[in-house]
Each structure stands twice: as C-alpha cells, then as structure tokens.
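K.L.:
Just so you know, the sequence shown maps onto residues 32 to 287 in the working numbering. Have a look at this one.
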Amino acid sequence: MVITERSKMKTESATNDNRCLHLGKVGWRECLLNDRRVGPTEHVSVAAEQAGMLHGIMIDLDLNIFDPGAFNAKAPQSPTEFFDDHVARWLDRSTLLRKAEARCSGNGIHVLLWLDPPIPLISASDRKLWDACIRIVQTSLPSDPDAPGLTSLTRPIGSINEKSNLEVKLLREGQPVTQDEIITFRNEMISAPFKTVHRILAGDEHQSPCPICRKDGTTLTAMDRTGMCYGSCGKVKPERLLDVFLRPRRSEGRTK
Numbered sequence: 032m033v034i035t036e037r038s039k040m041k042t043e044s045a046t047n048d049n050r051c052l053h054l055g056k057v058g059w060r061e062c063l064l065n066d067r068r069v070g071p072t073e074h075v076s077v078a079a080e081q082a083g084m085l086h087g088i089m090i091d092l093d094l095n096i097f098d099p100g101a102f103n104a105k106a107p108q109s110p111t112e113f114f115d116d117h118v119a120r121w122l123d124r125s126t127l128l129r130k131a132e133a134r135c136s137g138n139g140i141h142v143l144l145w146l147d148p149p150i151p152l153i154s155a156s157d158r159k160l161w162d163a164c165i166r167i168v169q170t171s172l173p174s175d176p177d178a179p180g181l182t183s184l185t186r187p188i189g190s191i192n193e194k195s196n197l198e199v200k201l202l203r204e205g206q207p208v209t210q211d212e213i214i215t216f217r218n219e220m221i222s223a224p225f226k227t228v229h230r231i232l233a234g235d236e237h238q239s240p241c242p243i244c245r246k247d248g249t250t251l252t253a254m255d256r257t258g259m260c261y262g263s264c265g266k267v268k269p270e271r272l273l274d275v276f277l278r279p280r281r282s283e284g285r286t287k
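Right under this line is the structure:
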C-alpha cells in the first residue's frame, strides 16, 4: 500500500506529545474539527458540511487590524506585548474566557476554548447551530470580523507564521470547558450583549470619557443591550464598542 502525504497528515493530531514535530514548520495550521489534523492548510481544512466533531472554538485577535489610536497608553508593538498589556485582562474578566488557551499566532493572539468532551455534529442543523454559537462567542472580543466560525484554523505551537516569520508560542495554558459553559456564555451574549462585552473590555459598567467620542465630561454607561453616552453619542450598539479597537473598513474589505 502506498502511503500518500495526505494520509500521513491524517495520523498526526495536535497533542502535547507531538508538539516537537511542528517546530519550524512554515505556514502549518491546526484544525479544530474531527481528528484535529495538523499540517499545510490544504491538507487540514475541513468544509463545514464535513464537520463531525468540534474540539475547540477560536477567537482571532489580529494585531494588524487593530487601530493603534484605540489604546489609551502606548500601542502594543508585538503580539506578546498585546497579550500582556490588554488581552490577558480581557480574558480574566470572563468566567468562560479565563479558561482559554492563548497562543501568539505571529500576527496576534489566538484565543482557544478547548471542549471536553468534544461536541458531536450529527446533522446539518447541528453544524449550523454551532457555527452561529461560535460567531456569537467571537463577538465578545474585538476579533477579526472576517474570520470563519466553525471551520477556523489555528497555528500549531512551534510552527512559523509565513507572513511575519515569527514562531507560534504558547502564552497561557488553558483549561477544558464544557458544552454547557459555552451555551451559558452564548445566552449571556444574547440577553445582555453590550453589558457582557463592556465588562470584558472595561471591567466596569462606566467609562469616562466615553471611548467612542472621547470628549471631556462624557460617560459611557453599559446597559444590557446597548450603552448610553451621556454628553455626546447617545445610544451605542455593541458592534460600535468593538469597532473602537479596529481600523476603519472599506466597502471592499478591511483597510490593510
């Protein structure tokens, strides 16, 4: 029997025992579905309709799309600095997100929630439901709005990001989370999206001055579904709070 390169890839899963196998591999990816295949993108990508088991959820915080002016202090100059100065605090403010693993992806931070046990995706409706759930979880942070949901790929620890030439590193070990924990967080995001996001990003229900208009004497107060800027902006939607951190978008896509 001839063993093809693709069949070799199928036998390699992303476990702590074989992390050394990924060292120096340029542009490799790690799938969060099925057998968690690791290798070149074309070998590990899984189409949504082929997803049968969900092992993890990824939130992609790409430093390249963040607006340097969004940070009150000096803008972070590296993914590690970004994590230490900002992302770690965001994660610690959420009961769910504080259990996430964090990796320096080479361009930013991959926040990973590992499911134990994994979630079986039996039907098309299962896949549709969990894709929607993942996208809700992703909007709890100023993540890449163009990133996929169910079919997200992370980068294996020890591999090399082909765009930045930086090694993918573990910044924080994670703890496993359950399906119930994900659903509870999703329900919080549905019932109180603004308050949940604001608590994660700001750590309080009030910010002065308002981070949107940044005018002296203003205060942004978080309510369940919207915020209220007293003094300038008026009612503020959750997506506007997230957009504070991101570079402006053009109609044809994000400004590079």
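Each residue gets a CB set at the ideal place from its N, CA and C atoms; glycine is no exception. Only a predicted model underlies this, so the values are computations on that prediction, with no experimental measurement involved.
I want to know whether the segment 182-195 touches the segment 233-249 - three or more CB-CB distances under 8 angstroms.
P.N.:
no
K.L.:
What three-state label does DSSP hand C164 in the structure shown?
P.N.:
As a working note, residue 164 is residue 133 in the sequence shown. In the structure shown, C164 sits in a helix (DSSP, three-state: H, G or I).
K.L.:
Using the rule of at least 16 other Cβ atoms within 10 Å of the residue's Cβ for burial, across every protein chain shown, is N138 buried or exposed?
P.N.:
Locating residue 138 in the sequence shown gives position 107, where the first residue counts as 1. Classification of N138: buried, given that the 10 Å Cβ count is 16 or more.
K.L.:
So, are the CB atoms of D91 and A178 less than 8 angstroms apart?
P.N.:
Reading the sequence shown from its first residue, position 60 is the one you call residue 91. Reading the sequence shown from its first residue, position 147 is the one you call residue 178. Taking 8 angstroms as the Cβ cut-off, D91 and A178 qualify as a contacting pair.
K.L.:
Secondary structure at T252, three-state DSSP: helix, strand or coil?
P.N.:
If you number the sequence shown from 1, residue 252 lands on position 221. In this structure, T252 counts as strand in the three-state DSSP scheme.
K.L.:
Look up V228 in the DSSP assignment and say whether it is helix, strand or coil.
P.N.:
Stepping through the sequence shown from its first residue, residue 228 is reached at position 197. Of the three classes helix, strand and coil, the one that applies to V228 here is helix, per DSSP.
K.L.:
Looking at R271 and I231, is the spacing between their C-beta atoms short of 8 angstroms?
P.N.:
Within the sequence shown, the letter at position 200 stands for residue 231. Within the sequence shown, the letter at position 240 stands for residue 271. No, the pair does not count as a contact, with Cβ atoms beyond the cut-off.
K.L.:
For the candidate residues V57, R158, E212, C62, whose alpha-carbon lies nearest to that of R129?
P.N.:
Residue numbering aside, residue 129 sits at position 98 when the sequence shown is read from its first letter. Checking every option, the nearest Cα to that of R129 belongs to E212.
K.L.:
Is the Cβ-Cβ distance between H53 and P187 less than 8 angstroms?
P.N.:
Translated into positions along the sequence shown, residue 53 becomes position 22. Translated into positions along the sequence shown, residue 187 becomes position 156. Yes, the pair counts as a contact, with Cβ atoms nearer than the cut-off.
K.L.:
Could you give the residue range of the alpha helix (DSSP H) that holds I88?
P.N.:
Working through the sequence shown from its first residue, we reach residue 88 at position 57. It is not in any alpha helix (DSSP H) - I88 instead sits in the beta strand (DSSP E) that spans 84-93.
K.L.:
In the DSSP output, which residue or residues are listed as bridge partners for M220?
P.N.:
Within the sequence shown, the letter at position 189 stands for residue 220. DSSP lists no partner for M220.
K.L.:
Below 8 angstroms between beta carbons: does that hold for F102 and L277?
P.N.:
Numbered from its first residue, the sequence shown carries residue 102 at position 71. Numbered from its first residue, the sequence shown carries residue 277 at position 246. No, Cβ-Cβ distance for F102 and L277 is not below 8 angstroms.
K.L.:
What's the gap between the Cα of S125 and the Cα of V168?
P.N.:
Taking the first residue of the sequence shown as 1, we reach residue 125 at position 94. Taking the first residue of the sequence shown as 1, we reach residue 168 at position 137. Their backbone Cα atoms lie some 12 angstroms apart in a straight line.
K.L.:
Got a sec? Which residues, its chain only, sit under 8 angstroms from L146 by beta carbon, not counting five neighbours each side?
P.N.:
For this step, residue 146 is matched to residue 115 along the sequence shown. These residues qualify, in order along the chain: L85, H86, G87, I88, P207, V208, T209, Q210, I213.
K.L.:
What does the alpha-carbon distance come out to for the pair A155 and L181?
P.N.:
Within the sequence shown, numbered from 1, the residue matching residue 155 stands at position 124. Within the sequence shown, numbered from 1, the residue matching residue 181 stands at position 150. Their Cα atoms are separated by approximately 12 angstroms.
K.L.:
Using DSSP's beta-bridge definition, name the partner residues of F97.
P.N.:
In the sequence shown, the residue the question calls residue 97 occupies position 66. For F97, which the question treats as bridged, DSSP gives the partners L277.
K.L.:
Just grab the DSSP bridge partners of L184 for me.
P.N.:
For the purposes of this step, residue 184 is identified with residue 153 of the sequence shown, where counting begins at 1. Paired residue(s): C62.
K.L.:
Going along the chain, which residues of its own chain have a beta-carbon closer than 6 angstroms to the beta-carbon of D255, five neighbours each way excluded?
P.N.:
Within the sequence shown, the letter at position 224 stands for residue 255. Cβ within range, chain order: A223, K226.
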